[in-house]
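First residue of the sequence shown: 4, per the working numbering; consecutive thereafter.
Idealized CB from N, CA, C, for every residue including glycine.
Okay, so here's the structure we're looking at.
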Amino acid sequence: QAGLAQTVSWIGGSQLIRACAERTGLPVLNIGRVLAPELFELNRQGAWNGHIPVTAVNSAILVLAALLTGVDQVVFSNERSASYGSQIPGTGEVNHQWSKGWAFEQAFGEYVQRHVAADLRYYSLLRPLSELAVARQFAKTDHYDAHFSSCNRNFHIMGERPVHRWCGVCPKCHFVFLALAPFMPKTRLVNIFGRNLLDDATQAGGYDALLEFQDHKPFECVGEGRESRAAMAVLASRAEWKEDALVKRFIRDIQPQLDPNDLQVEPLMAIDGEHRIPPALWERVRANFAA
């Protein structure tokens, strides 16, 4: 529909990403990245492992790949919710995924055009959408149900990885389950994850953080607190969900403290005008995003 030749590109050796990339039916480009062994030696000596701006690193790598292969666009899938951080009491906003946000996209894209290649466009095609809007679009097809994962434990360089595609206990699993729940049948969602995360009372703390209830939004790539609250409010109104442990708890303990006007999903589905998508392309794809 975009009318452009596309190559699905990713960095690193994840077989999960490869499986999803190949299911698109588009040409693929997998770029290897090797970490310097000295980094691991520093870890052995006691150095801390911190969070690096991996999207910034990958952006630079893909700009280089674009120059080497002669293409004129590097397109990411970062939604507008990535621009909002965690509100830390006494500190303020901290956005651990800043390089996925709008400010970085603007600065990096402009730098590339000014100093690297004037005709090379860098942007995110999903920037106008919230996480919930992305979830609504994704739920329209089951083509990737048995293959995709957003569970970050699958992508750790060090430490154990889950046996299944979804560990079911991390913030990413919590949020993706909640974000998809309003937009697909319950049986389909439970089949994807292997269990119903919202009917497990031991997960209350994780969902409280997503809702920004007595905690701040996790340092993970999850949606805004208002998105999680709106999604939970939708489930609270549906018979198939309202008796599940965490939805019932939301109805009893949390929802009465919230303004009903702040729990509406539709305002979160609005298409935002803040993006760097080329105008001609945006005209071709906008209607699909709004549907």
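I'd like the span of the alpha helix (DSSP H) that includes residue i, first residue to last.
{"i": "Val288", "result": "Pro282 to Ala293"}
{"i": "Asn81", "result": "No alpha helix (DSSP H) holds Asn81; DSSP gives it neither H nor E."}
{"i": "Val57", "result": "Val57 to Thr72"}
Hey, how far is the Cα of residue i from the Cα of residue j?
{"i": "Met272", "j": "Leu266", "result": "12 Å"}
{"i": "Val37", "j": "Phe43", "result": "12 Å"}
{"i": "Ser86", "j": "Glu25", "result": "29 Å"}
{"i": "Val31", "j": "Gln9", "result": "9 Å"}
{"i": "Phe48", "j": "Ala39", "result": "Note that residue 48 is Gln in the sequence shown, not Phe. Computed Cα separation, rounded: 15 Å."}
{"i": "His146", "j": "Thr27", "result": "9 Å"}
{"i": "Ala106", "j": "Tyr126", "result": "11 Å"}
{"i": "Leu7", "j": "Pro282", "result": "14 Å"}
{"i": "Val119", "j": "Leu214", "result": "42 Å"}
{"i": "Trp244", "j": "Thr58", "result": "35 Å"}
{"i": "Thr205", "j": "Val74", "result": "49 Å"}
{"i": "Lys103", "j": "Val137", "result": "15 Å"}
{"i": "Arg139", "j": "His219", "result": "25 Å"}
{"i": "Asn194", "j": "Asn264", "result": "33 Å"}
{"i": "Asn61", "j": "Cys154", "result": "19 Å"}
Cβ atoms of residue j and residue i: under 9 Å apart, would you say?
{"i": "Ile14", "j": "Ile64", "result": "yes"}
{"i": "Pro185", "j": "Phe292", "result": "no"}
{"i": "Val250", "j": "Pro174", "result": "no"}
{"i": "Phe151", "j": "Arg168", "result": "yes"}
{"i": "Gln260", "j": "Met235", "result": "no"}
{"i": "Val77", "j": "Gly88", "result": "no"}
{"i": "Ser231", "j": "Phe196", "result": "no"}
{"i": "Arg53", "j": "Asn33", "result": "Contrary to the premise, residue 53 reads as Gly rather than Arg in this sequence. No, the Cβ-Cβ distance between Gly53 and Asn33 is not below 9 Å."}
{"i": "Ser84", "j": "Glu227", "result": "yes"}
{"i": "Leu200", "j": "Gly171", "result": "yes"}
{"i": "Leu123", "j": "Leu71", "result": "no"}
{"i": "Phe216", "j": "Ala239", "result": "no"}
State the CB to CB distance for the pair residue i and residue j, rounded to an integer number of angstroms; the pair is presumed to be in contact (CB under 8 Å).
{"i": "Asp211", "j": "Asp247", "result": "15 Å between Cβ atoms; not a contact."}
{"i": "Val66", "j": "Val115", "result": "6 Å"}
{"i": "Arg279", "j": "Gly112", "result": "5 Å"}
{"i": "Arg287", "j": "Ala5", "result": "6 Å"}
{"i": "Val268", "j": "Leu129", "result": "That belief does not hold up - the Cβ atoms of Val268 and Leu129 are roughly 18 Å apart, past 8 Å."}
Which stretch, first to last residue, makes up the beta strand (DSSP E) that contains residue i?
{"i": "Gln100", "result": "That residue, Gln100, is in no beta strand (DSSP E); it is neither H nor E in DSSP."}
{"i": "Ile34", "result": "Val31 to Ile34"}
{"i": "Gln90", "result": "Ser89 to Ile91"}
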